[in-house]
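Trainee:
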Amino acid sequence: MSKNPEFVKFDKVDKSYDGKVLVVKDLQLDIAEGEFITMLGPSGSGKTTCLMMLAGFETPTHGEILLDGNIISNIPPHKRGIGMVFQNYALFPHMTVYENLAFPLRVRKVEKDEIDKKVDKALSMVSLNGFETRMPAQLSGGQQQRVAVARALVFDPAVVLMDEPLGALDKNLRESMQYEIKHIHESIGVTVVYVTHDQSEALTMSNRIAVFNDGKVQQLSNPAELYEKPVNSFVAEFIGENNTFNGEVVDIDKDKCKVKLANSEILANPISVKSKGEKTTVSLRPERALINPTDKMDNMFTGKIEEVIYHGDHTRVRLNLLGSSEFILKVPNSTSNLELKVSQDINIGWNSVDARALDPK
Amino acid sequence: MSSETKQILTTDGIPLEVSLKKAEKKNKIKAFLLVAPLLLFLVITYIFPIGDMFMRSVDDRMVTNMLPKTFKAMEKWENLEELPPEEVYRGFYEDYKLLVEKQEHGKLGQRLNKEKNGFNTITKRLFRQIKRNKIDESISIKEQINKIHKRWRNVEFWLAIKRTAPPYTMAKYLKGMDMYVASDGSIAQVDEDRRIHRILWLRTLEIAFFVTLFSFFMGYPIAHLLATLPMKYSNLLMICVLLPFWTSLLVRTASWMILLQQQGVVNDFFVMIGLVGDDNRPEMMYNKVGTYVAMTQILLPFMVLPLYSVMKTISPSLMRAGKSLGGTPFVAFWKVYFPLTIPGIGAGCLLVFILAIGYYITPALVGGASGTLISNQIAFHMKTTLDWSFASAMGLMLLTGVLVIYWIYNKLVGVDNIKLG
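Take a look at the structure:
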């Protein structure tokens, strides 16, 4: 079976609530069949609005949304056949787990035997067999979450939407649920559109991530590319940790440029700068800068340690480097570790290819 | 197992339970002192008056105190089909003479007349004989009294005196249900054309039921709108709902009178749009219609507020979930939203029904003859006939009715499921 690469399509979608501010601007997004796509962004970036438009609870102000080639903008939510997991689970508190799961099947007039079978299957998928007669209030947060997932999947929808479903869980439970949802997705191959503001959740679970800011998709790519190769300073800043230098391009060729900072110059990888004289923000991941590098690196500087924070598997070191005291280093915790002490001077080096010169902040 | 059942001691060796009680005691006293004023207030203004009402409604000691010797003598009256023996007559004569001296004989006559028609006449005859000193105490009193009027020779009248002997009576309660104790002691119904109270009870229930129903159908959408509108609009709407609360009940009822009367605003409007002819204006006041309209409007906030407080807690995502799972808007409403509002419906309906059942001023003003309720009858006996004991009895019957409704309600809905806000 060939997968439709444009199973869900946002075609030039605009959305405004008050006729003055656009919450979603000219959104162009294709989601392939069976894909796990995450909409990631800070609150107010328009990601939940996109999800609500897809579910049918909001109408696009302009543009069309297509599901499997059909325009769905005029189809009411209950006819779209899209499963949804809500932020606060939205389990029906007056129904048992079984009744909650049977609800979408009953409204579709599925026969009793078939309902039993499907509910049983959905519950075993989230390993909650035997909880049929419980009320939602008698379940823990994690269990409620699983019921919500099972309910969104029990009627075999083509697309499942998840609106920050793990936001209310504690950290450990959240992580194990992330894997569980990922495995369910892999085993049944349903298309999932997931909304979150938690970047590690997005990186763990998704095939592709759409980073939203200010009503626009800033970058749409797979997790690795998003982290390694952010295309602008917002994405670099939002995903993972980041050291930045603001400066001006003084020299540029094909794969290197020289950026002048307040009182020094560094070499960087020109991503979104084209010519001399442009302002730029250089972004460098903390783990790409090494202490006392053995290889020859094209950026070598000396900094003073301001703070050392022990994190178990790694140590974070804050340095005063190139006039900024916010430079962060991540040092893996290994036996060959050096003694790091505050106010000690150390040599730092990184390759210019890792220092990405992006648009100025 | 043994370690579980063993008494746990604190480090000082005091049993844990004792220590806990000691520690809690201070808090308990504090808590009690906080509610004590309210408790006292309730006892003085609620429990005590209700007890007094009850006493009043069953109290029948007046005759008992007035005719002590008669009732003492009546204990020896064995054959109740014949006139009582001489001792009873003598006792009655002595009691009555004492009453004449105290000028209380009139009260007795009235009271006995209630028990048996025609008593007033014959006690007055007896009074005149005593005044003129016509009774000779040295010979048989029985013969002398029997000569005064033929009714004194009728055993029924003596039986009526005997019935008033017990210091307590249920007669007022029976009267409230259009029943009375017949001369043979059995409970009988009053004549059909004199049964007014039962009609009033039924009408009260009917009006309370329909007012509750109308309030529910009008209040539910309002409460829903209040709970779902954005804050700035819902505040305005809330003020509109509460505005009647801040207006005097009398003023509101009077304004309904202006609206509903035959030359009133509503009728003028109907005539203007040609719905009814000018000479054929419908009566919307001084009948049930007026009572329904005015009471529904006045009691509406009591329906809206509990509903609103429950609806406010229902997450809008539940309706969305219902729809996204394939339920039409109606199914989502009926299967998801509506069941969750039942606690509010329960509270609102109970509140409105109980308030409506005892409503007084509005039916009195706009109800006319066919729209008055049992409370108007109670007020009538309080103010006009001054039969306080009957008013008390009906008041207690109303209270009992409310408690019974509450009990049935508890069985059906469960009080735990009621949310008053």
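Sequences listed follow chains W and L, in order.
If you read the first sequence in this note's numbering, its first letter stands for residue 167, the second for the next number, and so on.
If you read the second sequence in this note's numbering, its first letter stands for residue 664, the second for the next number, and so on.
Yeah, the Cβ is synthetic: ideal placement off N, Cα and C, and Gly gets one too.
If you're wondering where the values come from, they're calculated on a predicted model, not measured in any experiment.
Val358 of chain W lies in the beta strand (DSSP E); which residues open and close that run?
Mentor: Position 192 of the first sequence holds residue 358 of chain W. From DSSP, the beta strand (DSSP E) with Val358 of chain W extends over 357-362.
Trainee: Can you grab the Cα-Cα spacing for the pair Asp322 of chain W / Leu206 of chain W, in whole Å?
Mentor: Taking the first sequence and counting its residues from 1, the one referred to as residue 322 of chain W is at position 156. Taking the first sequence and counting its residues from 1, the one referred to as residue 206 of chain W is at position 40. Cα to Cα, Asp322 of chain W sits roughly 25 Å from Leu206 of chain W.
Trainee: Can you say whether Thr446 of chain W is buried or exposed, counting buried as having 16 or more other CB atoms within 10 angstroms of its CB?
Mentor: Against the first sequence, residue 446 of chain W aligns to sequence position 280. Counting Cβ neighbours within 10 Å, Thr446 of chain W comes out buried, since at least 16 surround it.
Trainee: Closer than 7 Å by beta-carbon distance: list the chain W residues that pair up with Pro1002 of chain L, in chain order.
Mentor: By one-based count along the second sequence, residue 1002 of chain L stands at place 339. Residues of chain W passing the Cβ test: His260.
Trainee: I'd like to know whether the C-beta of Asn254 of chain W is nearer than 8 Å to at least one C-beta of chain L.
Mentor: On the first sequence, residue 254 of chain W is found 88 positions in, with the first residue counted as 1. Output row for Asn254 of chain W: interface = yes.
Trainee: When you compare each of L:Leu696, L:Phe1043, L:Gly989 to Met250 of chain W by their alpha carbons, which one comes out closest?
Mentor: The residue you call residue 250 of chain W lines up with position 84 of the first sequence. Among L:Leu696, L:Phe1043, L:Gly989, the Cα nearest to that of Met250 of chain W is on L:Gly989.
Trainee: For Ala1054 of chain L, I'd like the list of residues in its chain whose CB is within less than 6 Å of its CB, leaving aside the five on either flank, ordered along the chain.
Mentor: The count along the second sequence starts at 1 and reaches residue 1054 of chain L at position 391. Once the five neighbours on either side are set aside, the close Cβ partners of Ala1054 of chain L are Ile1041, His1044, Met1045.
Trainee: Answer yes or no: do Lys805 of chain L and Tyr752 of chain L have a C-beta to C-beta separation smaller than 8 Å?
Mentor: Taking the second sequence and counting its residues from 1, one reaches residue 805 of chain L at position 142. Taking the second sequence and counting its residues from 1, one reaches residue 752 of chain L at position 89. For Lys805 of chain L and Tyr752 of chain L, yes; Cβs fall inside 8 Å.
Trainee: Assuming Val292 of chain W and Val315 of chain W are in contact, meaning their beta carbons sit under 8 Å apart, how far apart are those beta carbons, in whole angstroms?
Mentor: Walking along the first sequence from the start, residue 292 of chain W turns up at place 126. Walking along the first sequence from the start, residue 315 of chain W turns up at place 149. Confirmed, about 6 Å.
Trainee: In this structure, what does DSSP give as the bridge partners for Met250 of chain W?
Mentor: As a first step, residue 250 of chain W must be located in the first sequence, where it is residue number 84. Paired residues: W:Leu327.
Trainee: Pull up the CB-CB distance for Val113 of chain W and Phe202 of chain W, whole angstroms please, since I reckon it's below 8 Å.
Mentor: It is not possible to answer for residue 113 of chain W, since the shown part of chain W is limited to 167 through 527.
Trainee: Output the distance between the C-alpha atoms of Leu697 of chain L and Ser1038 of chain L, rounded to the nearest integer angstrom.
Mentor: Your numbering for residue 697 of chain L matches position 34 in the second sequence. Your numbering for residue 1038 of chain L matches position 375 in the second sequence. So the alpha carbons of these two residues sit roughly 35 Å apart.
Trainee: What residue range does the beta strand (DSSP E) around Thr447 of chain W cover?
Mentor: Mapped onto the first sequence, residue 447 of chain W falls at position 281. 445-450 is the span of the beta strand (DSSP E), which, as asked, contains Thr447 of chain W.
Trainee: Excluding the 5 residues flanking Val904 of chain L on each side, which residues of the same chain have their C-beta closer than 6 Å to its C-beta?
Mentor: Numbered from 1 along the second sequence, position 241 holds the residue referred to as residue 904 of chain L. Pro964, Val967.
Trainee: Can you tell me the Cβ-Cβ gap for Ile418 of chain W and Val397 of chain W, rounded? I've got them flagged as a contact below 8 Å.
Mentor: As a working mapping, residue 418 of chain W is identified with position 252 in the first sequence. As a working mapping, residue 397 of chain W is identified with position 231 in the first sequence. Wrong, their Cβ atoms sit about 18 Å apart, outside the cutoff.
Trainee: Can you give the beta carbon distance from Gly489 of chain W to Gly212 of chain W, rounded, assuming they're within the 8 Å contact cut?
Mentor: In the first sequence, counting from the first residue as 1, residue 489 of chain W sits at position 323. In the first sequence, counting from the first residue as 1, residue 212 of chain W sits at position 46. Not confirmed; about 36 Å, so no contact.
Trainee: State the Cα-Cα distance for the pair Glu757 of chain L and Lys732 of chain L, rounded to the nearest angstrom.
Mentor: Start at 1 with the first residue of the second sequence, and residue 757 of chain L comes out as number 94. Start at 1 with the first residue of the second sequence, and residue 732 of chain L comes out as number 69. Cα to Cα, the separation comes out at about 8 Å.
Trainee: Comparing alpha-carbon positions, which option in W:His260, W:Ile512, W:Thr204 lies nearest Met466 of chain W?
Mentor: Taking the first residue of the first sequence as position 1, residue 466 of chain W is located at position 300. Of the candidates W:His260, W:Ile512, W:Thr204, the one whose C-alpha sits nearest the C-alpha of Met466 of chain W is W:Ile512.
Trainee: Could you check the C-alpha separation between Ile802 of chain L and Glu764 of chain L for me, to the nearest Å?
Mentor: Translated into the one-based positions of the second sequence, residue 802 of chain L becomes position 139. Translated into the one-based positions of the second sequence, residue 764 of chain L becomes position 101. Rounded to the nearest angstrom, the two C-alpha atoms are 22 Å apart.
Trainee: On the DSSP bridge list, what partners appear for Glu228 of chain W?
Mentor: Translated into positions along the first sequence, residue 228 of chain W becomes position 62. For the sequence presented, residue 228 of chain W should be read as His rather than Glu. According to DSSP, which records beta bridges pairwise, His228 of chain W is partnered with W:Asp180.
Trainee: Give a yes or no on whether 8 Å exceeds the smallest Cβ distance from Gly989 of chain L to chain W.
Mentor: As a first step, residue 989 of chain L is located in the second sequence; it is residue number 326 there, counting from the start. So yes, Gly989 of chain L belongs to the interface.
Trainee: Nearest by alpha-carbon distance to Ala428 of chain W: which of W:Gln304, W:Ile437, W:Pro302, W:Val415 is it?
Mentor: Indexing the first sequence from 1 puts residue 428 of chain W at position 262. Among W:Gln304, W:Ile437, W:Pro302, W:Val415, the Cα nearest to that of Ala428 of chain W is on W:Val415.
Trainee: Comparing the C-beta of Val179 of chain W with each C-beta of chain L, is any distance below 8 Å?
Mentor: Translated into the one-based positions of the first sequence, residue 179 of chain W becomes position 13. No, because no Cβ of chain L sits closer than 8 Å to the Cβ of Val179 of chain W.
Trainee: Does Leu683 of chain L come within less than 8 Å of chain W when only Cβ atoms are used?
Mentor: Within the second sequence, the letter at position 20 stands for residue 683 of chain L. False, the Cβ-Cβ gap to chain W never drops below 8 Å.
Trainee: Leaving out five residues on either side along the sequence, give the residues of the same chain with a beta carbon under 8 Å from the beta carbon of Met729 of chain L.
Mentor: If you number the second sequence from 1, residue 729 of chain L lands on position 66. Contacts found: Asp758, Leu762, Glu767, Lys770, Leu771.
Trainee: First and last residue of the beta strand (DSSP E) that includes Gln766 of chain L?
Mentor: For the purposes of this step, residue 766 of chain L is taken as the residue at position 103 of the second sequence. Taken as a continuous stretch (DSSP letters only), Gln766 of chain L belongs to no beta strand (DSSP E), as it is neither H nor E.
Trainee: For a cutoff of 8 Å on Cβ pairs, would you count Arg1085 of chain L as touching chain W?
Mentor: Summary: the structure shown does not reach residue 1085 of chain L, with chain L confined to residues 664 through 1084, and so no result is reported for it.
Trainee: The alpha helix (DSSP H) spanning Leu865 of chain L covers which residue range?
Mentor: Translated into positions along the second sequence, residue 865 of chain L becomes position 202. 860-891 is the span of the alpha helix (DSSP H), which, as asked, contains Leu865 of chain L.
Trainee: Indicate whether Thr227 of chain W and Ile375 of chain W have their beta-carbon atoms separated by less than 8 Å.
Mentor: Walking along the first sequence from the start, residue 227 of chain W turns up at place 61. Walking along the first sequence from the start, residue 375 of chain W turns up at place 209. No, these two residues do not count as a Cβ contact at 8 Å.
Trainee: Sorted by chain position, which residues of the same chain lie with C-beta nearer than 8 Å to Glu224 of chain W's C-beta, five sequence neighbours on each side aside?
Mentor: Counting from one through the first sequence, the residue named residue 224 of chain W turns up at place 58. Excluding sequence neighbours, Glu224 of chain W sits near Lys181, Thr215, Met218.
Trainee: Residues of chain L with CB under 9 Å from His244 of chain W, in chain order?
Mentor: Residue numbering aside, residue 244 of chain W sits at position 78 when the first sequence is read from its first letter. Those are Gly985, Lys986, Ser987, Leu988, Gly989, Gly990, Thr991, Pro992, Val994, Ala995, listed as they occur along chain L.
Trainee: Are the CB atoms of Leu923 of chain L and Met958 of chain L within a distance shorter than 8 Å?
Mentor: Within the second sequence, the letter at position 295 stands for residue 958 of chain L. Within the second sequence, the letter at position 260 stands for residue 923 of chain L. No, they are not a contact pair.
Trainee: If you count every other CB in all the chains shown that lies within 10 Å of the CB of Leu332 of chain W, and 16 or more means buried, which is it?
Mentor: To locate residue 332 of chain W, count along the first sequence from 1; it is residue 166. Its Cβ being crowded by 16 or more others within 10 Å, Leu332 of chain W is buried.
Trainee: Among the residues of its own chain, which have a CB less than 8 Å from the CB of Ile494 of chain W, if the five just before and after it don't count?
Mentor: On the first sequence, position 328 is the one that residue 494 of chain W refers to. Within the same chain, Ile494 of chain W has close Cβ partners Glu407, Asn409, Pro452, Arg482, Val483, Arg484, Leu485.
Trainee: Could you tell me the alpha carbon to alpha carbon distance between Glu687 of chain L and Ile707 of chain L, rounded to whole angstroms?
Mentor: Sequence index remark: in the second sequence, residue 687 of chain L carries index 24 (1-based). Sequence index remark: in the second sequence, residue 707 of chain L carries index 44 (1-based). Each residue's alpha carbon lies about 29 Å from the other.
Trainee: Could you tell me whether the segment 1015-1029 of chain L touches the segment 861-879 of chain L, using the rule of 3 or more Cβ pairs below 8 Å?
Mentor: Enough Cβ pairs lie closer than 8 Å, so yes.
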